[in-house]
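Engineer: So that we are looking at the same thing, I have put the structure below in structure tokens.
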Amino acid sequence: MPYAHNGDISIYYEKYGPVDGPALIMIEGYTAQLVGWDKGFVQKLNDLGIQTILLDNRDVGLSSQTGTPDQTDKAYDITDMANDVLAVADAEKLKTFNIMGESMGGMITQEVLVDYPDRISSAVIMFTAPSWGKEWMSTADSAESGNNAGLDVASNRDQAIDLFVSREKACHVNSAYPFNEEKARQLGALTYDRCYRPDGWRRQQAATNSFSLDQNKLGKLTLPAAIIHGRRDPFFSPKAGIRISQLLRNSELHIYSGMAHEIPEPLWDEFAQIASRTIQRGESSRG
């Protein structure tokens, strides 16, 4: 099993697709393990010649836990998590790479762009915000009620899976795309069996809640980027995606009217094509 190391933090990751293809590091969102990237979507990217590198963020999955179960306060920030991504790139000896992040992973992606602009060829940023603030929330209470739905501590595996499904439903609320509860339940079982540490989620939450990007630095970047956001996202307003696109001057903006906080299967082909086109632009600009 491959691990990268950032100081005393170990980051587990997996690789898929052609070894000679452009590398795309994919960063999951708050509480999500790398298995949250649907294999079908990853395969779409691989079929387009992209090598995908999926990682477990710190405090989830097979990566390092940063505290004990009673330690749920802030232990690190998004900058530290961005450094974890660079550790994976360094472990793979990638001089430059492409990056994709969703939700909290989109925040980490932006931090990587700002901190390591010379290492990134292109970026795909999905349903996230340029900082943690009420101005970017879909509703006034998004940061509280929506962000914490389904994250109570379970007393057993079955309850944990039920709570996972409720969390997924909260992400899909008001979506125009059908919610596959059976698939969500299978993913909940898989994530529980890989690692069930709710205290790690709270440490991730503390890092996310303090996220404040240097937007001036983001606005100076000219690398190719694509921003994807759902108009029905229950957490982050489309205004957040629009703002990121305004800052990244060489970006495409894609707002989907029926999409919530999700990567709907009917849009997999379109998203994969967006990613491929953005990566091709990035690789071409590198010469």
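With numbering that gives the first Met the number 0 applied, the sequence shown covers 0 to 286. We treat Cβ as the ideally placed atom computed from N, Cα and C, and that holds for glycine.
Please find out if some non-hydrogen atom of the ligand MG comes closer than 8 Å to the beta-carbon of Tyr-176.
Structural biologist: Questions concerning the ligand MG fall outside what the structure shown contains, since it holds no ligand whatsoever.
Engineer: Could you give the residue range of the alpha helix (DSSP H) that holds Asn-208?
Structural biologist: Start at 1 with the first residue of the sequence shown, and residue 208 comes out as number 209. Counting along the chain, the alpha helix (DSSP H) containing Asn-208 begins and ends at 197–208.
Engineer: Which same chain residues end up closer than 7 Å to Tyr-15 when comparing Cβ atoms and leaving out the 5 residues on each side of it in sequence?
Structural biologist: Here the question's residue 15 lines up with position 16 in the sequence shown. Here the set comprises Val-41, Asn-45, Thr-51.
Engineer: Determine the burial state of Thr-190: buried for a count of at least 16 other Cβ atoms within 10 Å of its Cβ, exposed for fewer.
Structural biologist: Numbered from its first residue, the sequence shown carries residue 190 at position 191. Thr-190 should be labelled buried.
Engineer: Looking only at its chain, what residues have a beta carbon closer than 7 Å to the beta carbon of Gly-199, apart from the 5 residues adjacent to it on each side?
Structural biologist: Locating residue 199 in the sequence shown gives position 200, counting from the first residue. Correct list, in chain order: Asp-58, Val-59, Gln-64.
Engineer: With Ser-121 as the anchor, note down where its beta strand (DSSP E) starts and where it stops.
Structural biologist: By one-based count along the sequence shown, residue 121 stands at place 122. Residues 119–125.
Engineer: Does the segment 81–93 touch the segment 111–131, meaning 3 or more C-beta pairs lie closer than 8 Å?
Structural biologist: As far as the Cβ criterion goes, the segment 111–131 touches the segment 81–93, which means the pair count is three or higher.
Engineer: Which one of Leu-33, Asp-69, Gly-28, Lys-38 has the shortest CA to CA distance from Leu-61?
Structural biologist: Residue numbering aside, residue 61 sits at position 62 when the sequence shown is read from its first letter. Of the listed residues, the one whose Cα sits closest to Leu-61 is Leu-33.
Engineer: When we look at the beta-carbon of Asp-69 and count the other beta-carbons within 10 Å, is it buried (16 or more) or exposed?
Structural biologist: If you number the sequence shown from 1, residue 69 lands on position 70. Exposed: under 16 other Cβ atoms inside 10 Å.
Engineer: So for Gly-48, helix, strand or coil by DSSP?
Structural biologist: Looking up residue 48 in the sequence shown gives position 49. Coil at Gly-48, not helix or strand.
Engineer: Quick check on DSSP: helix, strand or coil for Ser-284?
Structural biologist: Here residue 284 refers to the residue found at position 285 when the sequence shown is read from its first residue. DSSP places Ser-284 in helix when its eight states are reduced to three.
Engineer: Using DSSP with H/G/I as helix, E/B as strand and the rest coil, what is Met-258?
Structural biologist: Here residue 258 is taken as the residue at index 259 of the sequence shown, counted from 1. DSSP places Met-258 in coil when its eight states are reduced to three.
Engineer: May I ask you to report which of helix, strand or coil DSSP gives Gly-100?
Structural biologist: On the sequence shown, residue 100 is found 101 positions in, with the first residue counted as 1. Three-state DSSP puts Gly-100 in a strand.
Engineer: Classify Ser-244 as helix, strand or coil using the three-state DSSP reduction.
Structural biologist: On the sequence shown, position 245 is the one that residue 244 refers to. If DSSP states are grouped into helix, strand and coil, Ser-244 belongs with the helices.
Engineer: Straight-line CA distance for Ile-10 to Cys-194?
Structural biologist: The residue labelled residue 10 in the question sits at position 11 within the sequence shown. The residue labelled residue 194 in the question sits at position 195 within the sequence shown. Those two C-alpha atoms are separated by around 14 Å.
Engineer: Which residues in the same chain have their Cβ closer than 7 Å to the Cβ of Ser-144, if we skip the five residues on either side of it in sequence?
Structural biologist: Numbered from 1 along the sequence shown, position 145 holds the residue referred to as residue 144. Low local confidence applies: a pLDDT of 44 at Ser-144 is under 50, so the model's placement there is unreliable, with the coordinate-based value given in what follows. The answer is none, since no qualifying residue turns up.
Engineer: Apply the 10 Å Cβ neighbour rule to Gln-204 and answer buried if 16 or more other Cβ atoms are within range, or exposed otherwise.
Structural biologist: Counted from its first residue, the sequence shown places residue 204 at position 205. Classification of Gln-204: buried, given that the 10 Å Cβ count is 16 or more.
Engineer: Roughly how far, in whole angstroms, is the beta-carbon of Asp-224 from the beta-carbon of Asn-249, given that I think they are within contact range, below 8 Å?
Structural biologist: What you label residue 224 is simply residue 225 of the sequence shown in a count that begins at 1. What you label residue 249 is simply residue 250 of the sequence shown in a count that begins at 1. It is Ala, not Asp, that sits at residue 224 in the sequence shown. Ala-224 to Asn-249, Cβ: 7 Å. Contact.
Engineer: Measuring only the C-alpha atoms, how far is Lys-92 from Thr-138?
Structural biologist: Start at 1 with the first residue of the sequence shown, and residue 92 comes out as number 93. Start at 1 with the first residue of the sequence shown, and residue 138 comes out as number 139. Their Cα atoms are separated by approximately 42 Å.
Engineer: Is there contact between the segment 268–279 and the segment 116–130, where contact requires at least three CB pairs shorter than 8 Å?
Structural biologist: Segments in contact, yes.
Engineer: How would you label Glu-181, buried or exposed, when you count the other beta carbons within 10 angstroms and need 16 or more for buried?
Structural biologist: Against the sequence shown, residue 181 aligns to sequence position 182. Label assigned to Glu-181: exposed.
Engineer: Between Ile-107 and Asn-56, is the Cβ-Cβ spacing less than 9 Å?
Structural biologist: Your numbering for residue 107 matches position 108 in the sequence shown. Your numbering for residue 56 matches position 57 in the sequence shown. Yes, Cβ-Cβ distance for Ile-107 and Asn-56 is below 9 Å.
Engineer: State the Cα-Cα distance for the pair Gly-240 and Gln-214, rounded to the nearest angstrom.
Structural biologist: To locate residue 240, count along the sequence shown from 1; it is residue 241. To locate residue 214, count along the sequence shown from 1; it is residue 215. Gly-240 and Gln-214: Cα-Cα distance of roughly 13 Å.
Engineer: Thr-127 and Glu-101 look like a contact to me (Cβ under 8 Å); what is the Cβ gap, rounded to whole Å?
Structural biologist: Working through the sequence shown from its first residue, we reach residue 127 at position 128. Working through the sequence shown from its first residue, we reach residue 101 at position 102. The pair is a contact, with the Cβ atoms about 7 Å apart (cut-off 8 Å).
Engineer: Which complete alpha helix (DSSP H) runs does the segment 35–90 hold, if anything under 4 residues is left out?
Structural biologist: Within the segment 35–90, the complete alpha helix (DSSP H) runs of at least 4 residues are 38–46, 77–90.
Engineer: For Ser-256, I'd like the list of residues in its chain whose CB is within less than 6 Å of its CB, leaving aside the five on either flank, ordered along the chain.
Structural biologist: Start at 1 with the first residue of the sequence shown, and residue 256 comes out as number 257. Once the five neighbours on either side are set aside, the close Cβ partners of Ser-256 are Arg-230.
Engineer: Check each candidate in Ser-236, Leu-47, Thr-71, Lys-216 and name the one with the smallest Cα separation from Ala-259.
Structural biologist: Counting from 1 along the sequence shown, the entry for residue 259 is found at position 260. It is Ser-236.
Engineer: Mind checking Pro-1: buried by the 16 CB within 10 Å criterion, or exposed?
Structural biologist: As a working note, residue 1 is residue 2 in the sequence shown. Under this definition Pro-1 is an exposed residue.
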